[in-house]
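Asker: Here it is: the structure, laid out below.
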Amino acid sequence: REKDVVIEKRGREEVTTMGTRTFVPKDAAVQNPAFDATPMDLVSAIITENGIIRPPFVMEEILQAKTK
733 REKDVVIEKR GREEVTTMGT RTFVPKDAAV QNPAFDATPM DLVSAIITEN
783 GIIRPPFVME EILQAKTK
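733 is the number of the first residue of the sequence shown in our numbering; add one for each residue after it.
Laid out in structure tokens, this is it:
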């Protein structure tokens, strides 16, 4: 379930600096999630290098596509 997914919080420097240059004020609020969780009812397809998988999403199909 989407609500059970724990989203990793990455460091602010990944999005506020490049090399030694900082592009935002030090006290600016920054969020840098490693990914987001999209509710499955909003996903119309999963596109991989091995093809397109459409609903209903069956884990066996996803795993088979991965090994082709």
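Glycine included, every Cβ here is placed at the ideal spot set by N, Cα and C.
Decide if the region 741 to 756 is in contact with the region 764 to 776; the criterion is three or more beta carbon pairs, one per stretch, under 8 Å apart.
Answerer: Touching, yes, given that three or more Cβ pairs across the two stretches are closer than 8 Å.
Asker: Could you work out which residue in T748, P771 and N782 is closest to A760 when comparing CA atoms only?
Answerer: Of T748, P771 and N782, the residue nearest in Cα terms is T748.
Asker: Quick one: measure Cβ to Cβ for I785 and E793, integer angstroms, because I've assumed they're closer than 8 Å.
Answerer: Indeed they touch by this definition, with Cβ atoms about 6 Å apart.
Asker: Just to confirm my understanding: we take E746, look at its own chain, exclude 5 residues before and 5 after, and list those with CB closer than 7 Å. What are they?
Answerer: Excluding residues within five positions, the ones whose Cβ falls inside 7 Å are N764.
Asker: What does the alpha-carbon distance come out to for the pair T752 and S776?
Answerer: Looking at the two C-alpha atoms, the distance is approximately 41 Å.
Asker: Would you mind reading off the limits of the alpha helix (DSSP H) that contains T748?
Answerer: Where T748 is concerned, the enclosing alpha helix (DSSP H) stretches over E745 to T748.
Asker: Hey, could you find the ends of the beta strand (DSSP E) G751 is sitting in?
Answerer: Neither: G751 is in no beta strand (DSSP E) and is coded neither H nor E.
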